[in-house]
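Peer 1:
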Amino acid sequence: MTTLNPPARPSAPSSRAVRPARPAPRRVRHSPLGRGLNLGVCAVAGLYTLLPLVWLLFAITKTLPDLYGSNGFAPSGFHLWANLRDLFAQDGGVYPRWLLNSVLYAGAGAGLGTLASVMAGYTFAKYRFPGREKLYGLVVAGVLVPGTALAVPLYLLFSGVHLTNTVWSVLIPVAANPFGVYLARVYAAGSIPDELLEAARVDGAGELRTFFTVGLRLMGPGALTIFLMQFVSIWNNFFLPLVMLTDSRLFTTSLGLFTWNSSTSQNPDYLRMVVVGSAVSVVPLLILFLTLQRWWRRGLAEGGLR
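In the UniProt record's numbering, the protein residues as written are 1 to 306.
1) What did DSSP end up calling G34 once you bin it into helix, strand or coil?
2) Can you give me the C-alpha to C-alpha distance between N177 and A199, rounded to a whole angstrom?
3) Which term fits W98, buried or exposed, when burial requires 16 or more other beta carbons within 10 angstroms of its beta carbon?
4) For the candidate residues W260, V118, V276, whose alpha-carbon lies nearest to that of Y270?
5) Buried or exposed: V139, going by 16 or more other Cβ atoms within 10 Å of its Cβ?
6) Terminal residues of the continuous alpha helix (DSSP H) containing M219?
7) Are M273 and N165 closer than 8 Å when you measure CB to CB?
8) Just to confirm my understanding: we take P130, look at its own chain, exclude 5 residues before and 5 after, and list those with CB closer than 7 Å. What are they?
9) In or out: W235 buried (at least 16 other Cβ within 10 Å) or exposed?
10) Can you tell me whether DSSP reads L196 as helix, strand or coil?
11) Residues in the same chain with beta-carbon distance under 7 Å from L242, minus the five sequence neighbours each way, listed in chain order, please.
12) Can you tell me whether P6 is buried or exposed, with buried defined as 16 or more other CB within 10 angstroms of its CB?
13) Give me the Cα-Cα distance between S281 and L183, rounded to the nearest whole angstrom.
14) Measuring only the C-alpha atoms, how far is L100 from G107?
15) Please report the distance separating the alpha-carbon of L57 from that of A279.
16) Whole angstroms is fine: what's the gap from E207's alpha carbon to L216's?
17) Whole angstroms are fine: how far does the CA of V232 sit from the CA of A116?
18) Using only the alpha-carbon positions, how far apart do R294 and L224 sit?
19) Candidates F227, R249, V41, F124: which alpha carbon is nearest F289's?
20) Using 8 Å for Cβ pairs, my map puts A125 next to A188. What's the rounded Cβ distance?
21) Please report the residue range of the alpha helix (DSSP H) in which L208 lies.
22) From V143 to F179, what does the alpha carbon distance come to, in whole angstroms?
23) For F251, count the other beta carbons within 10 Å of its own beta carbon; 16 or more makes it buried, fewer makes it exposed. Which is it?
24) Considering just the uninterrupted stretch of the alpha helix (DSSP H) at D66, what are its terminal residues?
25) Tell me whether the beta-carbon of A74 lies closer than 8 Å to the beta-carbon of G113.
26) Cβ atoms of G40 and T63: under 8 Å apart, would you say?
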């Protein structure tokens, strides 16, 4: 007795549609002329940027007669240590005080300005309240107002409360950074999920704790970018200290070097001090960028993978 196998049942069609294979992305080929043009533009821009620095590196090793009588892009002796010693001893050793003043103004001002900008940007991005967009537009409009246009009104305001010629007359105005608020809002809107904030609130965290434990950590790379930009801006600020300060002990390096440069007719050796002091004033900025670039790049890479 033979058994017949039942006829095979037709297989049900698969629920997953077969997707056609995607074509491999085409590699964009740049013409040799385009690549050469790009390299040429980058080379010219790099040369334009580096030439003043190269001249400064040669100039800080020269004596005063060599600054006037030798080629600016060629060495003519090595008097770097003598120039540095004279710089820090000039006028009773006032230059180190100017350097510390610049570190104070830039460090404290950038820290306060970054915290205020990040908190304001976080608020504009994650909270809804009446008049939010109008208030944000008013803050961003502050970017269009140059700092030189605000220096005289700020002087009149601080003069009315007897705070001119003090540290606060420079520190308080530089803590306001409308462009930092704009950057912070854009970064907060893209890097902080609303679900994460809701989870923190469900766990019982208040608004301030949610900001400092969740929002601020996720906004770290953006906050670091704002801090670096604000630090450099305050470090190079000249007009506000010029208007606010009259006591030379409170001067910044830029204002102090300006006063020396204005007195070269009375003392020609001030020119040598201005050149060496300009080179020394760049060192803190280099240290700051070299120290923070690792965390800055790491944070940007993590943000790109998020």
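Cβ atoms here follow ideal geometry from the backbone N, Cα and C, with glycine treated the same way.
Peer 2: From the atom records:
1) Helix, per DSSP.
2) In this model, N177 and A199 are separated by some 31 Å (Cα to Cα).
3) With 16 or more other Cβ atoms within 10 Å, it is buried.
4) Per the Cα distances, W260.
5) Buried.
6) Here M219 belongs to no alpha helix (DSSP H), and DSSP marks it neither H nor E.
7) Not a contact, by the Cβ cut-off of 8 Å.
8) No residues qualify anywhere along the chain.
9) Its Cβ being crowded by 16 or more others within 10 Å, W235 is buried.
10) For L196, the secondary structure class from DSSP, reduced to helix, strand or coil, is helix.
11) Here L242 has L255 as same chain residues with Cβ atoms under 7 Å from its own Cβ, once five neighbours each way along the sequence are excluded.
12) Reliability of the predicted coordinates at P6 is poor, the pLDDT of 48 falling under 50, and the value obtained from them is presented with this limitation in mind. Of the residues assessed, P6 falls on the exposed side of the cut-off, its CB having fewer than 16 other CB atoms within 10 angstroms.
13) Near 28 Å, if we compare the C-alpha coordinates of L183 and S281.
14) If I take the Cα positions, the gap works out to 10 Å.
15) Distance between the alpha carbons of L57 and A279: 8 Å.
16) Inter-residue distance for E207 and L216 is about 12 Å (C-alpha atoms, whole angstroms).
17) Taking the straight line from one Cα to the other gives about 17 Å.
18) Distance between the alpha carbons of R294 and L224: 11 Å.
19) Measuring from the Cα of F289, the nearest candidate turns out to be F227.
20) A188 and A125 do touch by the CB rule: their CB atoms are close to 4 Å apart, below 8 Å.
21) In this chain, the alpha helix (DSSP H) harbouring L208 covers 207-210.
22) Looking at the backbone, the Cα of V143 and that of F179 are separated by about 6 Å.
23) The residue in question, F251, is buried, as its Cβ has 16 or more Cβ neighbours within 10 Å.
24) Per DSSP, D66 belongs to the alpha helix (DSSP H) from 64-69.
25) In this structure, the beta-carbon distance from A74 to G113 does not fall below 8 Å.
26) Here T63 is not near G40, since their CB atoms are 8 Å or more apart.
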